[in-house]
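2 protein chains.
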Amino acid sequence: MTDQRGGGHGRVRGRRGLPRGGLSPELIVTESLRLLDTEGVAGFSLPKLGRALGADPTAVYRHFASKDDLVLAVADRLNEEAGAGFTPSDCWVDTMTETARRVRATYLAHPAAASLSAYRTTQGPAEMRGIDILIGAVLAAGFEGAEAALVYRAVADFCLFWAGCEASFLALDERLQKNDQNAWTSAYLSVDRAGYPSIWQIRTELPEVRDDDIFETILSFVIAGLVQRAPRPCRCPRHAAAGAAAG
Amino acid sequence: MTDQRGGGHGRVRGRRGLPRGGLSPELIVTESLRLLDTEGVAGFSLPKLGRALGADPTAVYRHFASKDDLVLAVADRLNEEAGAGFTPSDCWVDTMTETARRVRATYLAHPAAASLSAYRTTQGPAEMRGIDILIGAVLAAGFEGAEAALVYRAVADFCLFWAGCEASFLALDERLQKNDQNAWTSAYLSVDRAGYPSIWQIRTELPEVRDDDIFETILSFVIAGLVQRAPRPCRCPRHAAAGAAAG
DNA sequence: ACCTGAACACCGTTCAAGT
DNA sequence: ACCTGAACACCGTTCAAGT
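Chains as they are written, first to last, in the numbering used here: chain S, 73 to 319; chain Y, 73 to 319.
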């Protein structure tokens, strides 16, 4: 069982050749995420991954059938991170809000990984648990049958799509992101008043909008729409008033 | 000015070598879109594009500095298609709804192109006009200043993100999409009742949900949230009731 | 039985050499 | 001045050859 290779102490990854059997799917996924976080999508290739693991450029193919299979495993890791320690609230509104915020926080923490794996279905346990929690909230809101399925898909896709696109944008090259920033800070500031009167009217406010606020705004709209349509409004102290007003 | 090359009659693209000057940015963008529509993202490379145009594999570089520049030009073409013939309604709710539906319809008609160019800023005239129309609707709803900027960004990003992600999914390989379909048609159907009770409860309804209905559902939530928060509700016959109820 | 690494058919992009 | 196409440094993936 013991041997004299490497430095031991659980530090498996090393600069020199890895012992046979030293590679595992878990280790490869961990290194993939590290590589994606530090080098971005452009720095994530199977040859680079093999070399970063101190192994052959083609070594990963002994554990994953293709790069896409590896991407799905990374997606599963993100699902686990997003769901870690999450217990649904008694209040279905809070459960939905928290789900959306958790998905977004995880994706924004790993933009490159998220840009590759967002809106992919892994059918892993973490994903299934997240789905069950979200459907549970939809059922708690009083939706049933086909309508519950529809509302669940709408809310789930909203969370994944929004977080996925925000992450994809952050995963672009710095240079390309700059181009977008310039649109807000300079191009729209000097917009032609006659041609684009509405842009002109809020041209100084447009560059000041923050991403977190945009997300919370659209989330509040979605939740408000849901509360209005839900057969069983939340009875929380915070939400009871809104539910009564809409009912 | 005239010459004896080619068949004339405005049909510039041919199988054999193109006359010098025969390539233009417009023609390259048109062929890019055709290539993306028929072959998908995998079939869209600059060498292939050059060959499809009957020119050198590196010919595109004489008209675009990089592949990314070409992608932005394709994005502009999609913007033009989405905005073609669009005149905003007197009713701001209808204007927003129509904007969201148009963006989605265009992206779904060109999923591969949309998957490459969604949420990119081109600052082209079509994009600027779309922005002006949407901000106009936000102002018509009574939002002002910083709040108007925030609400505009929320609605605009919602349209782009949603349509972009739906398109990106459709742009995946057929094989990968199948994997997702299987999740709904078989995996969730035979889900463990004890482990995932909420999924189990609507397991037969989940596979029946249609993408169009999902989109209309989330859109209705967003609009309902907007109407509720808007300082100036729409007075249309259709929307007056909802505005009054929320006010 | 498992691992290696040479090799294949591509990429995006550059640039010396031509016309 | 403009265009060409060889060439570079990569990809994802395969597979004969080794151990």
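The beta-carbon is built from N, C-alpha and C at its ideal position, and this holds for glycine as well.
Test item: CB-CB of residue i and residue j under 8 Å
i               : j               : result
E277 of chain S : A302 of chain Y : no
A239 of chain Y : Y191 of chain Y : no
A198 of chain Y : G155 of chain Y : yes
L118 of chain S : V101 of chain S : no
F293 of chain S : L222 of chain Y : no
S270 of chain Y : D252 of chain S : no
L291 of chain S : T171 of chain S : no
H182 of chain Y : L150 of chain Y : yes
I286 of chain Y : V165 of chain Y : no
R176 of chain S : F158 of chain S : no
Sequence-distant residues of the same chain with beta carbon closer than 6 Å to residue i, five excluded per side
i               : result
F116 of chain S : L107, L108
D148 of chain Y : T194, G196
F136 of chain Y : L142
E152 of chain Y : A198
Extent of the continuous alpha helix (DSSP H) run through residue i
i               : result
Q273 of chain S : 269 to 273
P197 of chain S : 197 to 212
T167 of chain S : 164 to 181
R247 of chain Y : 246 to 254
S138 of chain S : Counting along the chain, S138 of chain S falls outside any alpha helix (DSSP H), and DSSP gives it neither H nor E.
F287 of chain Y : 283 to 301
A237 of chain S : One detail in the question is off: residue 237 of chain S reads as Cys in this sequence, not Ala. Residues 217 to 242.
P97 of chain S  : 97 to 111
P119 of chain S : 118 to 124
Own chain, CB closer than 8 Å to residue i, minus 5 neighbours either side, in chain order
i               : result
L211 of chain S : A220
G236 of chain Y : Y179, A186, S187, A190, Y191
L144 of chain Y : S189, R192, T194
P279 of chain S : W256, T257, Y260, L261
T74 of chain S  : Residue placement at T74 of chain S is poorly supported in this model, since its pLDDT is 31, which falls under 50; the coordinates still yield a value, given next. The answer is none, since no qualifying residue turns up.
E103 of chain Y : R85, L121, A124, L125
D284 of chain Y : none
E98 of chain Y  : none
Through-space distance from residue j to residue i, alpha-carbon basis
i               : j               : result
I207 of chain Y : C308 of chain Y : 19 Å
G315 of chain S : P305 of chain Y : At G315 of chain S, the pLDDT of 47 sits below 50, so the modelled position is not reliable; the number obtained from the coordinates is stated separately. Cα to Cα, the separation comes out at about 20 Å.
E288 of chain Y : D264 of chain S : 35 Å
R282 of chain Y : F233 of chain Y : 19 Å
L105 of chain Y : V146 of chain Y : 7 Å
T130 of chain S : Y224 of chain Y : 48 Å
A266 of chain Y : A124 of chain Y : 56 Å
G122 of chain S : R134 of chain S : 11 Å
L242 of chain S : A184 of chain S : 8 Å
L215 of chain Y : L248 of chain S : For the record, residue 215 of chain Y in the displayed sequence is Phe; it is not Leu. Near 31 Å, if we compare the C-alpha coordinates of L248 of chain S and F215 of chain Y.
D41 of chain Y  : G112 of chain Y : With chain Y running from 73 to 319 in the structure shown, residue 41 of chain Y is simply not present.
R201 of chain Y : Y268 of chain S : 7 Å
R77 of chain Y  : S96 of chain Y  : Confidence is the limiting factor: at R77 of chain Y the pLDDT is only 32, short of 50, which leaves the residue's position unreliable, though a coordinate-based value still follows. Those two C-alpha atoms are separated by around 17 Å.
Q273 of chain S : A213 of chain Y : 14 Å
E246 of chain S : D229 of chain Y : 20 Å
K139 of chain S : L244 of chain S : 20 Å
G79 of chain Y  : A114 of chain Y : Low confidence applies to G79 of chain Y: its pLDDT is 31, below 50, so where it sits in the model is not reliable, and the reading given next is rough at best. Roughly 32 Å between the two C-alpha positions.
Q300 of chain S : V227 of chain Y : 19 Å
S161 of chain S : R310 of chain S : 14 Å
K250 of chain S : T167 of chain Y : 30 Å
R275 of chain S : C163 of chain Y : 23 Å
T110 of chain S : N254 of chain Y : 34 Å
Residue i Cβ short of 7 Å to the ligand GDP heavy atom set
i               : result
T194 of chain Y : The ligand content of the structure shown is nil, which means the ligand GDP is not present either.
Own chain residues within Cβ distance below 7 Å of residue i, not counting five before or after
i               : result
C231 of chain S : T171, A172, V175
Taking a cut of 7 Å between CB atoms, which residues from the segment 243 to 260 of chain S lie near chain Y?
L248, N251, D252, A255, A259
Scan the segment 210 to 228 of chain S for residues whose Cβ lies nearer than 7 Å to a Cβ of chain Y and list them as they occur along the chain.
L211, G217, A218, A220, A221, L222, V223, R225, A226
Contacting positions in the segment 288 to 309 of chain Y - beta carbon closer than 8 Å to chain S:
T289, I290, S292, F293, V294, I295, A296, G297, L298, Q300, R301
Using a Cβ cut-off of 8 Å, which residues of the segment 176 to 199 of chain Y contact any Cβ in chain S, in chain order?
A190, Y191, R192, T193, Q195
For the segment 268 to 284 of chain Y, which residues have a beta carbon sitting closer than 8 Å to at least one beta carbon of chain S?
Y268, P269, S270, I271, Q273, I274, E277, L278, E280, V281
Looking at chain S, which residues of the segment 152 to 171 of chain Y have a Cβ within less than 7 Å of any of its Cβ atoms?
Flagged: no residues at all.
For the segment 128 to 147 of chain S, which residues have a CB atom closer than 9 Å to at least one CB atom of chain Y, in sequence order?
D140, L144
What are the residues in the segment 100 to 126 of chain S lying within 7 Å of chain Y by C-beta distance?
none
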